[in-house]
Amino acid sequence: MNEIARDQGWKGYELDDFNLLILLFKQYSGYLIGLFLVIGVYVFAVLLSKRVKHQYIPFRHKMIFFFYWAGVALLVNLPGRYRQAIIRKEGSILRSDPSAAAPPTEIVKEGHRLKVVGKSDIWYQVLWENQLVYVKSSDVWIVR
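Under this note's numbering, the letters of the sequence shown match residues 58 to 201, in that order.
Encoded structure:
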């Protein structure tokens with residue numbers, strides 16, 4: 058895909074460390090989350106058995122356990138927020154504000170891939186050349 062994008066002059070297809078990390082996470086996230094859940098359940102069982110036997114549990118162990126589960130919750134919920142979009146219409150207009158009356162920042166051809174930052178009504182806020190711009194939602198395909 059990178060060769061095709063390079064030949065066509067499309068932007069956003071460069072494979073940097075962050076994109077590689079996201080790609081690997083999407084591919085192996087089920088195994089990783091399963092492993093963390095098994096470890097968490099095991100530690101919970103150990104702490105529960107200590108509690109039942111009235112053994113002392115240091116406060117730092119409780120805090121580590123709490124932050125561990127907070128990290129697992131973050132790991133489960135955060136990657137769903139990372140989205141990308143591909144321009145699907147020739148001559149799509151990137152604007153500085155989410156309005157049809159906003160001045161155009163740039164007019165781009167189809168095929169470019171953009172990182173989606175947010176959404177406002179029918180506009181996606183995207184990152185284009187390290188600049189936050191808006192593109193109409195009907196002009197892009199969202200990559201899942």
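We treat Cβ as the ideally placed atom computed from N, Cα and C, and that holds for glycine.
Smallest Cα separation from residue i: which of the options?
| i | options | result |
| --- | --- | --- |
| D178 | L77, E186, R170 and S156 | S156 |
| V197 | F122, L78, R140 and I79 | R140 |
| A127 | D74, L104 and L94 | L94 |
| G148 | V165, L135, Q112 and K110 | V165 |
| F82 | Q188, Q182 and L135 | L135 |
| V173 | W185, T162 and E163 | W185 |
Tell me the DSSP bridge mates of residue i?
| i | result |
| --- | --- |
| S177 | W180 |
| R170 | I143 |
| L189 | L184 |
| E163 | L151 |
| W198 | I143 |
Among residues of its own chain, excluding the 5 on either side of residue i, which ones have a beta-carbon nearer than 8 Å to its beta-carbon?
| i | result |
| --- | --- |
| G168 | A62, Q65, W67, I143 and I144 |
| I90 | V129, L132 and V133 |
| V200 | R140, Q141, A142, I143 and R170 |
| L104 | I114, H118, K119 and F122 |
| F101 | F122 |
| I79 | P136 and Y139 |
| K176 | Q182 and S194 |
Take residue i and list the residues in its own chain whose beta-carbon comes closer than 6 Å to its own, dropping the five residues that flank it on each side.
| i | result |
| --- | --- |
| M120 | none |
Under 7 Å Cβ to Cβ from residue i, same chain only, skipping five residues before and after it: list those, please.
| i | result |
| --- | --- |
| Y125 | G97 |
| L189 | V174 and Q182 |
Could you pull out every unbroken beta strand (DSSP E) segment of at least 3 residues lying fully inside the region 121-151, listed in chain order? As for any beta strand (DSSP E) of minimum length 3 sitting wholly inside the region 121-151, the runs are 140-144, ordered along the chain.
Do the region 148-166 and the region 184-193 touch if we need at least three Cβ pairs shorter than 8 Å? In this structure the region 148-166 touches the region 184-193; the number of beta carbon pairs closer than 8 Å is three or more.
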